[in-house]
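See structure below.
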Amino acid sequence: MEKLLSQIKIGVNEKLYLKDPDTSELGKKILAQAIIMIEESGLEQFTFKKLAQSLNTTESSVYRYFENKNKLLLYLSSWYWLWMETVIVFSTANIFDPVERLKKMIEILSRREWHNVSPLNQLDLNALRSIVIAESSKAYLTKEVDADNKAGLYEGFKQLCRRFEMLLREINPQYAYPNMLASTIVEGVFHQQFLAAHIPVLSNADKGEFFVQDFFTQLSIIALNQTVHPNGNHDRRKA
Numbered sequence: 112m113e114k115l116l117s118q119i120k121i122g123v124n125e126k127l128y129l130k131d132p133d134t135s136e137l138g139k140k141i142l143a144q145a146i147i148m149i150e151e152s153g154l155e156q157f158t159f160k161k162l163a164q165s166l167n168t169t170e171s172s173v174y175r176y177f178e179n180k181n182k183l184l185l186y187l188s189s190w191y192w193l194w195m196e197t198v199i200v201f202s203t204a205n206i207f208d209p210v211e212r213l214k215k216m217i218e219i220l221s222r223r224e225w226h227n228v229s230p231l232n233q234l235d236l237n238a239l240r241s242i243v244i245a246e247s248s249k250a251y252l253t254k255e256v257d258a259d260n261k262a263g264l265y266e267g268f269k270q271l272c273r274r275f276e277m278l279l280r281e282i283n284p285q286y287a288y289p290n291m292l293a294s295t296i297v298e299g300v301f302h303q304q305f306l307a308a309h310i311p312v313l314s315n316a317d318k319g320e321f322f323v324q325d326f327f328t329q330l331s332i333i334a335l336n337q338t339v340h341p342n343g344n345h346d347r348r349k350a
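One rule links them: number in the numbering used here = place in the sequence shown (from 1) + 111.
Written out as structure tokens, the structure reads:
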């Protein structure tokens with residue numbers, strides 16, 4: 112499967128870039144080096160000038176690909192969400208029980224280490240995952256969020272959430288809040304890993320290596336077993 116995944120083209124929204132970085136060697140180097148630099152020093156300290164200097168090119172060359180560093184962050188985040196969905200689709204294709212499929216999807220989403228099977232072989236998937244954990248929320252916690260959403264710039268994240276939402280509806284069609292639960296799982300997995308690394312008192316990393324995976328699996332199953340109707344009535348069912 113890894114060989115197949117390495118050959119897949121991830122189609123990021125073209126509004127996120129001025130020139131597709133996947134179409135040139137410089138573009139691929141910009142992505143690879145940007146991941147290294149953002150992962151090391153954070154988005155605030157990262158600039159296109161520093162990126163250009165590290166690549167021995169001009170700042171204007173970088174701007175030919177991306178309008179600004181926020182669009183670059185959105186590109187990287189969107190690429191990772193779409194990559195995640197691709198891995199999930201391939202990994203769950205032969206799992207027919209929806210509850211087992213949900214467990215597998217949460218397991219994949221919670222995975223901390225990846226072999227470098229990126230379609231863009233120069234990308235460090237583990238460094239990119241660290242960026243998504245620490246930086247991706249900055250891409251939509253902005254004044255431009257409504258316009259960016261209307262332009263479809265968050266489609267990668269929304270598409271992955273929809274994948275979970277559809278499965279939650281399959282498991283329990285009567286569950287009232289599948290959209291909320293889906294986005295809670297997807298965003299929450301990364302948020303809890305961030306808290307465990309930086310504010311551990313707000314997490315439960317002491318519960319073992321798979322504490323995030325276990326928590327969101329339990330949370331999902333418990334929620335799906337409890338049907339909450341808008342009128343406040345509760346029904347129990349077996350997920």
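Yeah, the Cβ is synthetic: ideal placement off N, Cα and C, and Gly gets one too.
Setting aside the 5 residues that flank it on each side, residue 206 is surrounded in the same chain by 212, 215, each with a C-beta closer than 7 Å to its C-beta; the list follows chain order. As computed with DSSP, residue 144 is found in no beta bridge at all.
Leaving aside the five residues that flank residue 175 on each side, the residues in its chain whose CB is nearer than 7 Å to its CB run, in chain order, 129, 130.
Your pair residue 159 and residue 180 checks out as a contact, with CB atoms roughly 7 Å apart and the cut at 8 Å. Taking a 10 Å sphere around the C-beta of residue 268, we find 16 or more other C-beta atoms and assign the residue as buried. Contact check between the stretch 237-251 and the stretch 165-175: fewer than three CB pairs, one atom from each, fall below 8 Å, which does not count as touching.
The beta-carbon separation of residue 234 and residue 143, rounded to 6 Å, stays under the 8 Å limit for a contact.
Collapsing the DSSP output to three states places residue 164 in a helix. Nearest C-alpha to residue 291 among 304, 273, 305: 273. Two segments are said to touch when three or more pairs of C-beta atoms, one from each, lie closer than 8 Å; by this definition the stretch 299-319 does not touch the stretch 278-287.
DSSP places residue 122 outside both helix and strand once states are collapsed to three, so it counts as coil.
With fewer than 16 other Cβ atoms inside 10 Å of its own Cβ, residue 277 counts as exposed. A straight-line Cα-Cα distance of about 12 Å links residue 333 and residue 210. Distance from the CA atom of residue 239 to the CA atom of residue 288, rounded to whole angstroms, is 30 Å.
Residue 138 sits buried, since 16 or more C-beta atoms from the chains shown fall within 10 Å of its C-beta.
Runs of the alpha helix (DSSP H) spanning 4 or more residues and lying entirely within the stretch 242-283 occur at 256-261, 266-282, in chain order.
Here residue 310 is exposed, its C-beta having fewer than 16 other C-beta atoms within 10 Å.
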